[in-house]
Structure formats: structure tokens, C-alpha cells
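Reminder that position 68 of the sequence shown reads as 264 in the numbering used here, one-by-one numbering, no gaps. Comments concern the structure below.
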Amino acid sequence: MAIIAIARERGALGKLVASELARTLNYRFIDKRTVEERLEGLGLDQRQFNAYDEKKPGLFAALSSVMEDYIRCLKKIMFEEAMQGDCVFLGRGCQYLFRSIPGVTLVRLVAPLETRIKRIQESQNLEYREAKKQVDKMDRDREGFNRYFFDTDSKDPSNYHLTINTEDLSTTQIIDIIRNLADLTTTPEQVATGQMMFRNLAMAQTIIRHILNDCELPIFFLDAECAGNEVTLSGIAHSPDVVEKARAAAHVEGIKRVNNNIRVGRVGQ
């Protein structure tokens with residue numbers, strides 16, 4: 197096994213299962229804390245993190261350039277962590293970022309609403325109304341996050357290899373189910389292919405952020421696709437000079453060839 201990505205409803209035992217699964221397998225556990233620490237290392241502060249973490253951004257937050265940098269950084273972090281292998285991811289859009297990548301097991305944990313409310317009541321010593329309010333808000337926030345940033349429905353079962361109703365299952369039983377699924381569906385060849393894909397995806401985000409943030413080049417819809425030591429750039433720039441500067445900037449460590457498909461023009465043309 198290499199990568200297990202877990203999505204969850206509030207109160208469906210997501211954090212408990214994911215953290216215990218990682219401990220059992222001796223895998224690294226990648227959750228909110230891990231992402232937050234790494235985002236700070238990339239220059240995003242706590243306030244900026246809280247504005248976007250697993251929630252749909254408000255009007256002013258959505259108009260900020262920080263939002264675009266947040267999602268670039270999030271992708272970079274998730275791909276770099278996955279590239280190292282042997283990880284259990286919890287939330288942060290992992291099920292969409294890792295979709296169609298070999299060697300990844302995608303799981304969603306759910307439970308009936310009343311069961312989830314009762315669990316939150318018991319774990320946080322809350323009245324029913326307050327627990328329900330918390331569950332409803334978190335469900336809305338996470339669904340808004342997934343729709344806004346990844347344009348997808350988190351409830352769609354086709355996004356996962358397995359959806360587990362945790363209502364009548366123990367933590368140990370849930371972990372055993374996930375482990376068995378990963379064992380049955382993951383091969384060493386898939387893991388190796390997946391790690392190479394993660395490396396390419398992480399490198400692409402590094403290059404994009406270097407061009408836009410470090411070099412501050414004004415390029416619209418900038419995208420990068422990496423394959424080994426080669427990268428292909430696309431987007432729209434206002435001058436040939438910017439296009440050439442982007443080509444030069446893309447020669448980061450590990451990249452030997454740059455295919456520059458950035459075109460000169462105006463947005464909308």
C-alpha cells in the first residue's frame with residue numbers, strides 16, 4: 197500500500213479512523229495540522245489558511261489573489277507529501293486531487309445524521325441543538341469547498357473506491373475494511389507509477405508558483421505539465437518579453453527542457 201485518501205462527513209469518525217489507520221500501518225498522517233504548518237512555511241499565515249480551509253470562500257476572499265495562491269500551495273503540498281509514499285490523507289480535497297492516480301485508495305466515511313449528531317454531543321459535551329448546528333455547518337462548508345475549488349459533488353459515490361457507513365462499525369472494523377481494500381486493489385507497479393505522477397504534479401505546481409509569485413510575471417491561466425525533466429507551459433501573456441521570462445523561470449532544478457506554449461494576446465481573444 198502507498199496512499200490512502202479519506203473523505204468524511206462530520207461525526208463519521210474520520211479523524212479517529214484516519215489517524216489510527218496511519219498508526220497501525222506506520223504511515224505518515226497528513227491532516228489539517230500538517231497542511232497548516234507547510235502553508236506557513238510557504239508564506240501563508242493562519243488568517244489566510246482559515247479563510248479557505250475546507251470551506252467555500254466568501255465574496256471578498258474569493259476576489260483575493262491569496263485564494264489562487266492558497267490552492268496552488270495546497271496542491272503542491274498534497275502532491276509532495278504523496279510523492280514520498282506511505283501516507284494517510286484526511287480531507288483537503290485529497291479525493292479529487294488524487295483521483296485516477298494509480299496506487300491510491302479513495303474512501304469516504306458517512307453515517308446517518310442523527311448518529312453523527314449524537315457522536316458530536318458525546319465527544320464535545322454539547323446540547324443537541326448546538327451539536328446539530330455544528331454538523332450542519334461543517335457539512336455545508338466542506339461541500340462548498342469541494343464544489344468551489346474542484347467543481348465536484350462530494351456525495352457522488354463514483355469519486356471513491358468505497359463508501360463506508362460507520363454507524364454500526366467499530367474503529368478496528370473500519371480500519372480492517374480499508375486495509376483489505378487497499379491490499380486487494382494496489383500493486384507495486386501501480387505504486388511506482390503513482391509516485392512518478394505525483395512527482396510530476398508537484399513539480400508543475402512548484403514551477404507555476406515560481407513564475408507567478410517569485411518572478412511576479414503577469415500570465416493569465418498559467419498551467420504547467422511535467423513529464424520527467426521536461427515541462428510544457430501554457431497560458432496568455434501580454435508581451436513576448438513576458439513569455440521569454442516565463443520560459444527562463446521554468447528552468448528550475450530538475451527541469452532540462454521547457455516547451456513554451458504561452459501565447460501573446462488579451463484575455464477573451
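Glycine residues also receive a C-beta, built at the ideal position from the N, C-alpha and C atoms. Here the structure is a predicted model, which means the values were calculated and not measured.
- Contact between Ser-354 and Asn-342 does not hold, since their C-beta atoms are separated by about 14 Å, which reaches or exceeds 8 Å.
- Cβ-Cβ distances below 7 Å link Asn-361 to Val-306 and Ala-307 in the same chain, with the five nearest sequence neighbours on each side left out; the list follows chain order.
- Straight through space, the alpha carbons of Phe-275 and Glu-385 are spaced by roughly 19 Å.
- A distance below 7 Å between beta-carbons, with the five flanking residues on each side excluded, links Leu-377 to the following residues of its chain, in chain order: Thr-301, His-357 and Leu-358.
- Annotated as distal: Asn-425 and Arg-443, with beta-carbon spacing of 8 Å or more.
- Taking a cut-off of 8 Å on C-beta distances, the region 330–341 does not touch the region 228–246, as fewer than three cross pairs fall below it.
- A direct Cα-Cα distance of roughly 46 Å separates Ile-370 from Val-454.
- Per the Cβ contact rule, the region 386–403 is in contact with the region 289–301 (3 or more Cβ pairs under 8 Å).
- With respect to the C-alpha of Glu-339, the residue from Lys-328, Asp-352, Ala-327 and Asp-419 having the closest C-alpha is Asp-352.
- Within the region 370–443, the runs of alpha helix (DSSP H) that reach at least 4 residues and sit entirely inside it are, in chain order, 384–405.
- Residue pairing by DSSP puts Ala-201 in a beta bridge opposite Phe-285 and Leu-302.
- Excluding the 5 residues flanking it on each side, Ala-278 has same chain C-beta neighbours closer than 6 Å at Ile-199 and Phe-394, in chain order.
- Looking from the CA of Phe-285, the closest CA among Arg-204, Ala-398, Ile-407 and Asp-419 belongs to Arg-204.
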